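Residue numbers (the numbering used here): 3 to 279. Beta carbons: idealized from backbone N, C-alpha and C, even for Gly. Predicted model only: the values in this text are computed from it and were never measured. First up is the structure itself, then whatever we jot down about it.
What follows is the structure, given as C-alpha coordinates:
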(Lines of atoms letter the chains of each structure in order from A and count residues from 1; the text may use other names and numbers.)
(Lines give C-alpha, C1' and ligand atoms only; values in the text may rest on other atoms or scores of the structure.)
Protein backbone atom coordinates (compact mmCIF):
# COMPACT_ATOMS: atom_id res chain seq x y z
CA UNK A 1 0.00 0.00 0.00
CA UNK A 2 1.39 3.39 -1.02
CA UNK A 3 1.49 5.86 1.82
CA UNK A 4 2.14 9.56 1.26
CA UNK A 5 4.43 10.87 3.95
CA UNK A 6 4.28 14.37 5.37
CA UNK A 7 7.61 16.05 5.96
CA UNK A 8 6.73 17.85 9.18
CA UNK A 9 9.49 19.44 11.22
CA UNK A 10 7.35 20.58 14.12
CA UNK A 11 6.26 17.92 16.58
CA UNK A 12 3.64 20.15 18.21
CA UNK A 13 -0.11 20.32 18.01
CA UNK A 14 0.04 22.27 14.72
CA UNK A 15 0.36 18.97 12.85
CA UNK A 16 -3.41 18.58 13.25
CA UNK A 17 -4.08 20.76 10.22
CA UNK A 18 -1.96 18.41 8.07
CA UNK A 19 -3.59 15.29 9.49
CA UNK A 20 -7.06 16.60 8.63
CA UNK A 21 -6.14 16.56 4.93
CA UNK A 22 -6.25 12.75 5.05
CA UNK A 23 -2.56 12.29 4.27
CA UNK A 24 -0.30 9.75 5.90
CA UNK A 25 1.08 10.87 9.26
CA UNK A 26 4.86 10.72 9.39
CA UNK A 27 4.97 12.03 12.96
CA UNK A 28 2.93 9.26 14.58
CA UNK A 29 2.69 9.80 18.31
CA UNK A 30 1.73 6.15 18.77
CA UNK A 31 5.36 5.22 18.05
CA UNK A 32 6.58 7.50 20.83
CA UNK A 33 3.90 6.14 23.19
CA UNK A 34 4.78 2.50 22.49
CA UNK A 35 8.51 3.18 22.88
CA UNK A 36 7.89 4.77 26.26
CA UNK A 37 5.72 1.89 27.45
CA UNK A 38 8.31 -0.67 26.34
CA UNK A 39 11.15 1.16 28.08
CA UNK A 40 9.10 1.44 31.27
CA UNK A 41 8.15 -2.24 31.31
CA UNK A 42 11.32 -3.79 29.92
CA UNK A 43 9.63 -4.97 26.73
CA UNK A 44 11.78 -5.68 23.67
CA UNK A 45 10.81 -3.52 20.70
CA UNK A 46 11.71 -3.91 17.03
CA UNK A 47 10.53 -1.57 14.27
CA UNK A 48 9.89 -2.38 10.61
CA UNK A 49 8.63 -0.63 7.47
CA UNK A 50 9.30 2.95 8.55
CA UNK A 51 7.93 2.22 12.04
CA UNK A 52 4.57 1.15 10.58
CA UNK A 53 5.06 -2.32 12.08
CA UNK A 54 6.17 -2.74 15.69
CA UNK A 55 7.14 -6.05 17.27
CA UNK A 56 6.93 -6.28 21.05
CA UNK A 57 8.29 -9.16 23.08
CA UNK A 58 8.81 -10.40 26.61
CA UNK A 59 9.95 -13.78 27.97
CA UNK A 60 6.59 -15.41 27.22
CA UNK A 61 5.20 -13.79 24.07
CA UNK A 62 5.87 -11.86 20.89
CA UNK A 63 3.10 -9.65 19.47
CA UNK A 64 2.94 -7.13 16.66
CA UNK A 65 1.21 -3.86 15.89
CA UNK A 66 0.60 -2.82 12.29
CA UNK A 67 -0.53 0.75 11.89
CA UNK A 68 -3.10 1.05 14.66
CA UNK A 69 -4.13 -2.61 14.74
CA UNK A 70 -2.97 -4.66 17.70
CA UNK A 71 -2.50 -8.43 17.66
CA UNK A 72 -5.60 -9.22 19.70
CA UNK A 73 -8.28 -9.66 17.02
CA UNK A 74 -8.53 -12.54 14.58
CA UNK A 75 -8.15 -11.61 10.92
CA UNK A 76 -11.72 -12.53 9.90
CA UNK A 77 -13.34 -10.35 12.56
CA UNK A 78 -10.98 -7.50 11.72
CA UNK A 79 -11.84 -7.76 8.02
CA UNK A 80 -15.56 -7.73 8.80
CA UNK A 81 -15.13 -4.60 10.92
CA UNK A 82 -13.42 -2.83 8.02
CA UNK A 83 -16.36 -3.62 5.71
CA UNK A 84 -19.15 -1.21 6.70
CA UNK A 85 -21.88 -3.18 4.93
CA UNK A 86 -20.87 -6.62 6.22
CA UNK A 87 -20.56 -5.31 9.77
CA UNK A 88 -23.94 -3.58 9.54
CA UNK A 89 -25.68 -6.68 8.22
CA UNK A 90 -24.18 -8.96 10.87
CA UNK A 91 -25.22 -6.59 13.63
CA UNK A 92 -28.74 -6.41 12.20
CA UNK A 93 -28.99 -10.22 12.27
CA UNK A 94 -27.78 -10.19 15.89
CA UNK A 95 -30.47 -7.59 16.77
CA UNK A 96 -27.94 -4.87 17.57
CA UNK A 97 -29.43 -1.41 16.89
CA UNK A 98 -27.36 -0.14 13.96
CA UNK A 99 -27.51 2.36 11.10
CA UNK A 100 -28.24 0.23 8.02
CA UNK A 101 -25.60 0.28 5.26
CA UNK A 102 -26.20 -1.14 1.79
CA UNK A 103 -23.64 -2.15 -0.81
CA UNK A 104 -23.40 -0.38 -4.16
CA UNK A 105 -20.82 -1.68 -6.64
CA UNK A 106 -19.65 0.16 -9.71
CA UNK A 107 -19.58 -1.93 -12.88
CA UNK A 108 -17.54 -1.91 -16.05
CA UNK A 109 -20.35 -0.24 -17.99
CA UNK A 110 -20.53 2.48 -15.29
CA UNK A 111 -24.01 1.52 -14.18
CA UNK A 112 -24.83 1.10 -10.54
CA UNK A 113 -26.73 -1.68 -8.84
CA UNK A 114 -29.10 0.03 -6.43
CA UNK A 115 -31.07 -2.26 -4.17
CA UNK A 116 -32.11 0.56 -1.85
CA UNK A 117 -34.04 3.80 -2.14
CA UNK A 118 -32.77 6.45 0.25
CA UNK A 119 -33.36 10.18 -0.06
CA UNK A 120 -31.41 11.98 1.17
CA UNK A 121 -28.54 9.53 1.37
CA UNK A 122 -24.98 9.34 2.68
CA UNK A 123 -22.31 7.75 0.49
CA UNK A 124 -18.92 6.57 1.73
CA UNK A 125 -16.18 4.22 0.47
CA UNK A 126 -16.91 0.67 1.63
CA UNK A 127 -13.68 0.34 3.61
CA UNK A 128 -12.81 4.01 4.14
CA UNK A 129 -11.78 5.51 7.48
CA UNK A 130 -11.70 8.84 9.32
CA UNK A 131 -14.56 10.33 7.33
CA UNK A 132 -12.65 10.44 4.05
CA UNK A 133 -14.89 10.42 0.99
CA UNK A 134 -18.15 10.78 2.95
CA UNK A 135 -20.76 12.83 1.09
CA UNK A 136 -24.42 13.74 1.52
CA UNK A 137 -26.71 13.75 -1.53
CA UNK A 138 -30.34 14.69 -2.03
CA UNK A 139 -31.01 11.91 -4.50
CA UNK A 140 -29.60 8.84 -6.23
CA UNK A 141 -28.83 10.63 -9.50
CA UNK A 142 -26.45 13.18 -7.95
CA UNK A 143 -24.79 10.41 -5.90
CA UNK A 144 -24.20 8.34 -9.05
CA UNK A 145 -22.66 11.28 -10.86
CA UNK A 146 -20.23 11.91 -8.03
CA UNK A 147 -19.30 8.22 -7.60
CA UNK A 148 -18.68 7.90 -11.34
CA UNK A 149 -15.89 10.47 -11.04
CA UNK A 150 -14.12 8.70 -8.18
CA UNK A 151 -13.29 5.31 -9.66
CA UNK A 152 -13.91 3.50 -6.38
CA UNK A 153 -15.40 0.05 -6.96
CA UNK A 154 -17.52 -0.42 -3.84
CA UNK A 155 -19.53 1.97 -1.71
CA UNK A 156 -21.55 1.85 1.48
CA UNK A 157 -24.81 3.78 1.24
CA UNK A 158 -26.95 4.68 4.22
CA UNK A 159 -30.02 6.83 4.79
CA UNK A 160 -29.37 10.31 6.13
CA UNK A 161 -29.96 10.26 9.88
CA UNK A 162 -30.40 13.43 11.93
CA UNK A 163 -27.67 12.81 14.51
CA UNK A 164 -27.54 14.95 17.63
CA UNK A 165 -24.60 13.22 19.32
CA UNK A 166 -21.85 10.74 18.45
CA UNK A 167 -19.91 8.86 21.10
CA UNK A 168 -16.89 6.59 20.83
CA UNK A 169 -16.29 3.77 23.29
CA UNK A 170 -12.99 1.90 23.23
CA UNK A 171 -13.54 -1.65 24.45
CA UNK A 172 -11.14 -4.42 25.42
CA UNK A 173 -13.30 -7.50 25.77
CA UNK A 174 -16.23 -5.96 27.69
CA UNK A 175 -14.16 -3.39 29.59
CA UNK A 176 -14.59 0.25 28.52
CA UNK A 177 -11.10 1.76 28.38
CA UNK A 178 -12.20 5.22 27.27
CA UNK A 179 -15.37 7.01 26.19
CA UNK A 180 -15.81 10.44 24.65
CA UNK A 181 -18.36 12.48 22.75
CA UNK A 182 -17.35 14.04 19.45
CA UNK A 183 -18.21 17.74 19.17
CA UNK A 184 -18.82 18.13 15.43
CA UNK A 185 -17.96 20.47 12.57
CA UNK A 186 -20.22 21.10 9.56
CA UNK A 187 -18.78 20.55 6.07
CA UNK A 188 -20.65 20.79 2.77
CA UNK A 189 -24.01 20.42 4.50
CA UNK A 190 -22.95 17.31 6.42
CA UNK A 191 -22.22 17.43 10.13
CA UNK A 192 -18.87 15.67 10.57
CA UNK A 193 -18.16 13.98 13.89
CA UNK A 194 -14.71 12.72 12.82
CA UNK A 195 -11.81 14.13 14.84
CA UNK A 196 -9.77 14.11 11.64
CA UNK A 197 -12.31 16.46 10.08
CA UNK A 198 -12.20 19.05 12.83
CA UNK A 199 -14.45 17.62 15.54
CA UNK A 200 -13.18 17.74 19.11
CA UNK A 201 -13.38 15.08 21.85
CA UNK A 202 -15.07 15.51 25.21
CA UNK A 203 -14.50 12.72 27.73
CA UNK A 204 -17.63 11.25 29.31
CA UNK A 205 -18.85 8.50 31.57
CA UNK A 206 -21.00 6.40 29.23
CA UNK A 207 -24.54 5.42 30.15
CA UNK A 208 -25.52 1.84 30.87
CA UNK A 209 -27.41 1.71 27.57
CA UNK A 210 -24.40 2.95 25.60
CA UNK A 211 -22.12 0.38 27.21
CA UNK A 212 -24.55 -2.48 26.60
CA UNK A 213 -25.02 -1.61 22.92
CA UNK A 214 -21.27 -1.24 22.39
CA UNK A 215 -20.62 -4.60 24.06
CA UNK A 216 -23.25 -6.29 21.89
CA UNK A 217 -21.69 -4.78 18.76
CA UNK A 218 -18.23 -6.03 19.75
CA UNK A 219 -19.55 -9.51 20.44
CA UNK A 220 -21.53 -9.64 17.18
CA UNK A 221 -18.45 -8.85 15.07
CA UNK A 222 -16.23 -11.17 17.13
CA UNK A 223 -13.58 -8.66 18.18
CA UNK A 224 -11.68 -8.46 21.45
CA UNK A 225 -10.43 -4.91 20.95
CA UNK A 226 -12.41 -2.24 19.14
CA UNK A 227 -13.69 1.32 19.03
CA UNK A 228 -17.47 1.47 18.71
CA UNK A 229 -19.06 4.64 17.38
CA UNK A 230 -22.60 5.19 18.69
CA UNK A 231 -25.01 7.87 17.51
CA UNK A 232 -28.07 9.35 19.15
CA UNK A 233 -30.76 10.37 16.67
CA UNK A 234 -33.14 13.31 16.89
CA UNK A 235 -35.80 10.80 17.96
CA UNK A 236 -33.67 9.71 20.93
CA UNK A 237 -32.59 6.32 19.55
CA UNK A 238 -29.06 5.07 20.17
CA UNK A 239 -27.54 3.06 17.34
CA UNK A 240 -24.16 1.77 16.21
CA UNK A 241 -22.70 3.74 13.32
CA UNK A 242 -19.59 1.58 12.88
CA UNK A 243 -17.11 -0.64 14.67
CA UNK A 244 -13.37 -0.09 14.21
CA UNK A 245 -10.75 -2.76 14.87
CA UNK A 246 -7.90 -0.23 14.87
CA UNK A 247 -7.30 2.04 17.87
CA UNK A 248 -6.14 5.30 16.30
CA UNK A 249 -5.88 8.14 18.84
CA UNK A 250 -3.56 10.57 17.04
CA UNK A 251 -6.14 13.37 16.93
CA UNK A 252 -7.37 12.69 20.45
CA UNK A 253 -3.97 12.76 22.12
CA UNK A 254 -2.94 16.01 20.42
CA UNK A 255 -5.73 17.98 22.13
CA UNK A 256 -3.81 18.40 25.40
CA UNK A 257 -1.21 16.77 27.62
CA UNK A 258 -4.06 15.30 29.68
CA UNK A 259 -5.55 13.67 26.58
CA UNK A 260 -2.14 12.28 25.68
CA UNK A 261 -1.79 10.82 29.18
CA UNK A 262 -5.20 9.14 28.94
CA UNK A 263 -4.32 7.72 25.53
CA UNK A 264 -1.07 6.33 26.95
CA UNK A 265 -3.06 4.57 29.70
CA UNK A 266 -5.32 2.98 27.08
CA UNK A 267 -2.36 1.75 25.03
CA UNK A 268 -0.63 0.41 28.16
CA UNK A 269 -3.69 -1.66 28.98
CA UNK A 270 -3.84 -3.01 25.43
CA UNK A 271 -0.14 -3.90 25.33
CA UNK A 272 -0.29 -5.60 28.74
CA UNK A 273 -3.16 -7.77 27.51
CA UNK A 274 -1.50 -8.46 24.17
CA UNK A 275 1.64 -9.82 25.85
CA UNK A 276 -0.27 -11.98 28.35
CA UNK A 277 -2.43 -13.86 25.83
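In the three-state reduction of the DSSP assignment, residue 160 falls in the strand class. Of the residues assessed, residue 103 falls on the buried side of the cut-off, its CB having 16 or more other CB atoms within 10 angstroms.
Comparing alpha-carbon positions, the option among 269, 71 and 76 lying closest to residue 180 turns out to be 269.
Under the DSSP assignment, residue 247 falls outside any beta strand (DSSP E); it carries neither an H nor an E label. Taking the C-beta atoms as reference points, residue 242 is found nearer than 8 Å to residue 99. Only buried fits residue 160, as 16 or more other CB atoms lie within 10 angstroms of its CB. Sequence-distant Cβ neighbours of residue 76 in its own chain, meaning closer than 8 Å and more than five residues away, are 224.
The region 206 to 218 makes contact with the region 233 to 253; the number of CB pairs closer than 8 Å reaches 3 or more.
Remark: fewer than three beta-carbon pairs, one from each stretch, lie closer than 8 Å, so the region 82 to 98 and the region 136 to 152 are not flagged as touching. Take residue 125, set aside five residues on each side of it, and the residues of its chain with a beta-carbon closer than 6 Å to its own are 137, 145, 157 and 159, in chain order.
For residue 38, the uninterrupted alpha helix (DSSP H) segment begins and ends at 31 to 43.
According to the DSSP assignment, residue 269 belongs to the alpha helix (DSSP H) that extends over 259 to 276. DSSP, reduced to helix, strand and coil, places residue 82 within a helical segment of the structure shown. Measuring C-alpha to C-alpha distances from residue 140 to each of 152, 275 and 163 identifies 163 as the nearest. In the structure shown, the three-state DSSP call for residue 201 is coil. Its Cα nearest to that of residue 93, the residue 222 stands out among 222, 61, 150 and 246. Of the residues 80, 151, 185 and 176, the one whose Cα lies closest to the Cα of residue 166 is 185.
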